[in-house]
Structures are given as structure tokens and as C-alpha cells.
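Okay, structure first, notes after.
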Amino acid sequence: MLSDKDRAYARAKGKAIINRHAHEMLHDRVGAAEPKNDGKQTPWRGHPVFTAQHATATCCRGCIEKWHHIPQGRALTEEETNRLADLVMAWIERDLIHHPVR
485 MLSDKDRAYA
495 RAKGKAIINR
505 HAHEMLHDRV
515 GAAEPKNDGK
525 QTPWRGHPVF
535 TAQHATATCC
545 RGCIEKWHHI
555 PQGRALTEEE
565 TNRLADLVMA
575 WIERDLIHHP
585 VR
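The following block contains the structure:
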């Protein structure tokens with residue numbers, strides 16, 4: 485579940501910017517064949533995408549391999565990055581729908 489702060493941030497930035505962030509973070513943090521600090525590179529909080537990555541098992545290459553059957557040891561393709569970003573965005577959007585502005 486997103487924090488109130490992350491929900492406010494996501495709503496303020498809008499879907500297009502958060503989607504861009506999701507693509508950039510996935511590419512930069514888990515897109516390489518051997519990401520730096522793999523297994524520890526994604527913080528648990530600080531951005532809605534980080535929380536969503538842990539919730540959707542897109543936080544490290546080990547989780548991506550285990551849950552999404554994308555092997556480690558090679559870079560993610562653009563199609564794979566897009567698919568994982570879509571999953572992250574769907575999770576964020578669902579959280580925002582289930583937790584309307586108070």
C-alpha cells in the first residue's frame with residue numbers, strides 16, 4: 485500500500501510522469517544484465533514506483549526471474565521493461581482508486 489505522501493505525489497505528478505519514472509527506474513535499476521547492488525538496489529519507500537516494484541516483484545532481477553520468468557544474466561528488452569512498467573503502473577493506479585483523496 486502506498487503512503488499518503490506517495491499517493492499525493494503520484495496524484496500531483498500525474499499518470500504520464502509517474503509512468504516515465506517507472507520506465508526510467510526499471511531501466512536504470514534492474515534493466516542491466518548484472519545490475520549494481522542487485523537485491524538491494526530498490527528502496528522500500530521514497531517514491532510510489534519503489535513501493536510498487538516491491539509489491540509487483542519487479543524490485544530486483546531475482547524477483548523478476550522468479551515471478552515473471554525473465555532470466556537473469558541478460559539485459560531486459562524494451563518489451564519486457566514496458567510490460568513490467570505497465571504492471572507497476574496498474575498497481576499504483578489500483579492503490580489510488582482504492583484510497584481516494586480525503
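So for the sequence shown, our numbering puts the first residue at 485; every next one is plus one.
The C-beta atom is built at its ideal place from N, Cα and C for all residues, glycine as well.
Cβ of residue i within 8 Å of any chain C Cβ
i, result
"residue 521", "The question asks about chain C, but that chain is absent: this structure has only one protein chain."
Reduced DSSP secondary structure (H/G/I, E/B, other) of residue i
i, result
"residue 560", "coil"
"residue 573", "helix"
"residue 585", "coil"
"residue 535", "helix"
"residue 553", "coil"
C-alpha gap between residue i and residue j, whole angstroms
i, j, result
"residue 498", "residue 548", "26 Å"
"residue 494", "residue 546", "27 Å"
"residue 583", "residue 577", "10 Å"
Buried versus exposed call for residue i [16 or more other C-beta atoms within 10 Å across all chains shown]
i, result
"residue 490", "buried"
"residue 507", "buried"
"residue 586", "exposed"
"residue 557", "exposed"
"residue 551", "exposed"
"residue 553", "exposed"
Rounded distance between the beta-carbons of residue j and residue i, thought under 8 Å
i, j, result
"residue 532", "residue 486", "6 Å"
"residue 571", "residue 540", "5 Å"
How about the region 561 to 570 and the region 516 to 524: do they share at least three Cβ pairs that are nearer than 8 Å? At 8 Å Cβ cutoff, the stretches do not touch.
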